[in-house]
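Per my numbering, the very first residue in the sequence shown carries number 46; after that it's consecutive.
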Amino acid sequence: MLKKTIMTAAAAILLFAGCSNKVEEKPVQTVTSGKVAPAIEIGKPFDSGLLKDQFGHEGRVTPDTDKVILVFAKSTGHLVKEFLNKKPADYLAKEHVVFIADVSGMPGIIFKTMALPDLKKHDYAIYLITDESKAEKFKPKGHEDQIMVVDLDDGDVEKVLFVTTEKDLQEAIE
């Protein structure tokens with residue numbers, strides 16, 4: 046019993062210590078040329094590879110996808126979820142948007158016992174990057190604390206926006 050209590054307390058400390066759900070508001074930044082991350086380059090195909098959502102369903106970014114939302118921090122993930130929770134359940138599908146969250150840095154026990162059950166409360170798909178080496182391919186250096194919205198044209202990266210507010214996220218999607 047004591048061991049379980051200690052594990053629960055340690056998990057809570059790891060999850061909440063030093064973590065803020067507040068995203069520092071910054072102006073929208075738009076990138077229209079060059080490499081944004083090792084696997085994201087303007088004018089080149091966006092290849093997410095096979096992904097799994099919070100329910101274990103497999104999916105990928107397809108040529109029909111118009112936008113990809115990527116988050117690499119807890120705070121930006123919460124901001125996107127708060128935004129999407131105000132929208133109809135089919136919002137992402139109607140807008141042809143795929144939402145990808147990097148959870149690779151999260152300790153496995155925290156992910157399985159706390160984060161995954163929370164993610165499963167959402168009806169929309171949240172594709173998860175669980176492998177750190179895969180996350181590094183998509184991580185935009187210097188922008189990890191912002192929401193990355195990748196605009197696609199028939200599967201190719203057209204431009205990338207970095208946003209930090211719900212208003213700017215909505216404008217980037219619609």
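Ideal Cβ positions, reconstructed from N, Cα and C, are used throughout, including at glycine.
As the structure is a computational prediction, the values presented were derived from the model and not from experiment.
For the beta strand (DSSP E) containing residue i, list its first residue and its last residue.
i: PHE207; result: 201–208
i: ALA146; result: 142–147
i: VAL81; result: 80–82
i: ASP198; result: 192–198
i: ILE16; result: As displayed, the chain neither begins before 46 nor continues past 219, which places residue 16 out of reach and without an answer.
What is the residue span of the alpha helix (DSSP H) that residue i lies within?
i: LYS179; result: 177–183
i: ASP98; result: Not the alpha helix (DSSP H): ASP98 falls in the beta strand (DSSP E), residues 96–98.
i: ILE174; result: First-last for ILE174: 172–174, but that is the beta strand (DSSP E), not the alpha helix (DSSP H).
i: THR77; result: Premise fails: THR77 is in no alpha helix (DSSP H) and is neither H nor E.
i: GLU211; result: 211–218
i: GLY122; result: 119–130
i: ASP135; result: First-last for ASP135: undefined, no H or E at that position.
i: PRO162; result: 161–164
Taking the alpha-carbon of residue i as reference, which of the options has the nearest alpha-carbon?
i: THR175; options: ALA217, LEU95, LYS204, GLU86; result: LEU95
i: LYS89; options: LYS184, THR110, LYS204; result: LYS204
i: ASP190; options: THR110, THR209, LYS112; result: THR209
i: LYS97; options: LYS212, LEU164, GLU181; result: LEU164
i: ALA118; options: ILE218, ASP168, ALA180, GLU211; result: ALA180
i: MET193; options: GLU140, PRO108, LEU115, HIS141; result: LEU115
i: GLU177; options: ASP92, PRO152, ILE87; result: PRO152
i: PRO108; options: ASN130, LYS131, VAL143; result: VAL143
i: GLU127; options: THR158, TYR169, LEU161, ILE87; result: TYR169
i: VAL195; options: LYS112, ILE171, VAL76, PRO162; result: LYS112
i: LYS212; options: LEU197, LYS131, THR158; result: LYS131
Could you check if residue i is buried or exposed, using at least 16 other CB atoms within 10 Å of its CB as the buried criterion?
i: ALA134; result: exposed
i: GLN215; result: exposed
i: ASP199; result: exposed
i: GLU219; result: exposed
i: SER78; result: exposed
i: THR276; result: Any question about residue 276 goes unanswered here, given that the chain covers just 46 to 219.
i: ALA217; result: buried
i: LYS139; result: exposed
i: LEU206; result: buried
i: ILE154; result: exposed
i: THR50; result: At THR50, the pLDDT of 44 sits below 50, so the modelled position is not reliable; the number obtained from the coordinates is stated separately. So THR50 counts as exposed.
Counting beta carbon pairs with one atom in the stretch 113–123 and one in the stretch 139–157, are three or more of them shorter than 8 angstroms?
Segments in contact, yes.
Check whether the stretch 68–77 touches the stretch 100–108, taking contact to mean three or more Cβ pairs, one atom from each stretch, closer than 8 angstroms. These segments do not touch.
Tell me whether the stretch 76–86 and the stretch 178–187 touch, counting them as touching only if at least three CB pairs, one residue from each stretch, are closer than 8 angstroms. Cβ pair count under 8 angstroms is three or more, so yes.
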